[in-house]
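Using mature numbering (1 follows the signal peptide of the UniProt record, and there is no 0), the letters of the sequence shown correspond one by one to residues -20 to -1, 1 to 196. Glycine included, C-beta positions come from ideal geometry on N, C-alpha and C. Nothing here was measured: the structure is a model prediction, and the numbers come from that model. Report on one structure; see the data block that follows.
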Amino acid sequence: MAARTLAVLAGLGLITAAVAAPAGAHGALQSPVSRSVVCDPERASARSGACRAAAGLSGPALAEWDELRVPNVRGRDRQVIPDGKLCSAGISRFKGLDLARPDWPVTKLSAAARHTFGYRVSIPHRGSLRLYVTRDGYRPTQRLTWSALEPKPFLEVKDPPRRGGAYVFTGRLPRGKSGRHLIYTIWQTSDTPDTYYSCSDVVFGAAGGADKTDGA
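Here is the structure:
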């Protein structure tokens, strides 16, 4: 496992970290921060209760924050990724990310506000990003299923620009959301057979509030 330094986009207020990952690693959502990134052992947030519990199940796999990828999905996400295993992409070594807990570090967002998203990459690819949000009534203590997500993405982006170590794009957050939710990101690459999956725990407040990640 080769060590490498990833420059994280300074404009997003995110840190620069040195992580160890396989040569085939590629990317994950970092703003709002995903579970795989927030539990990266190099981050202070990895000491959170949820990340420690995830590490108890997944061990050193959590250093592979950019490896939640499945080949040959070809848009059949709901058929390939099982209910209850959306955050691990159905990959057994990442099963700790599927834990249904109330204490995952969250990013505080403003409903309907414009947000600058960052998708942290170690190896760039062309492709499309689709971002979904959970339906009203979502509970983090219940396993995440496809039916818990809104049926259509609130944002879709194709081949966003890369700045530093991340793809960066701006979009409007979903309207009418309040309280605890989860943003589910699917990155379907067009130059490889792989599709990547990320779970970001968020709390929506009133419009105009500042974005902030607790424990990150």
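**Q.** Endpoints, alpha helix (DSSP H) assigned at V17
**A.** 15 to 18
Q: Output the distance between the C-alpha atoms of W167 and R123, rounded to the nearest integer angstrom.
A: Straight-line measurement puts the Cα of R123 at about 22 Å from the Cα of W167.
Q. Along the chain, where does the beta strand (DSSP E) that runs through D139 open and close?
A. It is not in any beta strand (DSSP E) - D139 carries neither H nor E in the DSSP assignment.
Q. When DSSP builds the beta bridges, which residues end up paired with P51?
A. D174
Q: Go through its chain and collect everything with a Cβ distance to P141's Cβ below 8 Å, but skip five positions before and after it.
A: Y147, V148, F149
Q) DSSP beta-bridge partners for V101? A) Beta-bridge partners of V101 (DSSP): G7.
Q: Please list, in chain order, all residues of the same chain as G185 whose beta carbon is under 8 Å from its beta carbon, the five residues on each side excluded.
A: K88, L89, S90, A91, S158
Q | Span of the alpha helix (DSSP H), counted from its first residue to its last, around R58 | A | 57 to 60
Q: Pull up the CB-CB distance for R81 and A30, whole angstroms please, since I reckon it's below 8 Å.
A: 5 Å
Q. Cβ atoms of K65 and L109: under 9 Å apart, would you say?
A. Against a cut-off of 9 Å, the Cβ pair of K65 and L109 comes out as no contact.
Q: Flag this pair as yes or no: are the beta carbons of S11 and T114 separated by less than 9 Å?
A: no
Q: Measure from the alpha carbon of P131 to the alpha carbon of each residue in P120, R119, P154, G144, then state which is nearest.
A: Checking every option, the nearest Cα to that of P131 belongs to P154.
Q) What residues are listed by DSSP as bridge partners for S180? A) I163
Q: Would you mind giving the Cβ-Cβ distance between S180 and S14, rounded to the nearest angstrom? I have them listed as a contact below 8 Å.
A: 5 Å
Q.
In the DSSP output, what is L111 paired with across the bridge?
A. L135, T165
Q. Roughly how many whole angstroms lie between the Cα atoms of L(-9) and T172?
A. Here L(-9) scores only 38 on pLDDT, less than 50, and its place in the model should not be relied on; the value that follows carries that caveat. So the alpha carbons of these two residues sit roughly 28 Å apart.
Q) Among P104, R56, K75, P62, which residue has its Cα nearest to the Cα of G39? A) K75
Q | Distance between R32 and L42 (C-alpha atoms, nearest Å) | A | A direct Cα-to-Cα measurement between L42 and R32 gives close to 10 Å.
Q) Start and end of the beta strand (DSSP E) containing A146? A) Taken as a continuous stretch (DSSP letters only), the beta strand (DSSP E) holding A146 covers 146 to 152.
Q) How would you label G98, buried or exposed, when you count the other beta carbons within 10 angstroms and need 16 or more for buried? A) It is buried - the Cβ of G98 has at least 16 other Cβ atoms within 10 Å.
Q. Alpha helix (DSSP H) containing L89: first to last residue?
A. It is not in any alpha helix (DSSP H) - L89 instead sits in the beta strand (DSSP E) that spans 87 to 90.
(Q) Suppose the cutoff is 7 Å on Cβ atoms and the five residues either side in sequence are ignored; what does the same chain contact list for H105 look like? (A) H6, T169, D171, T172
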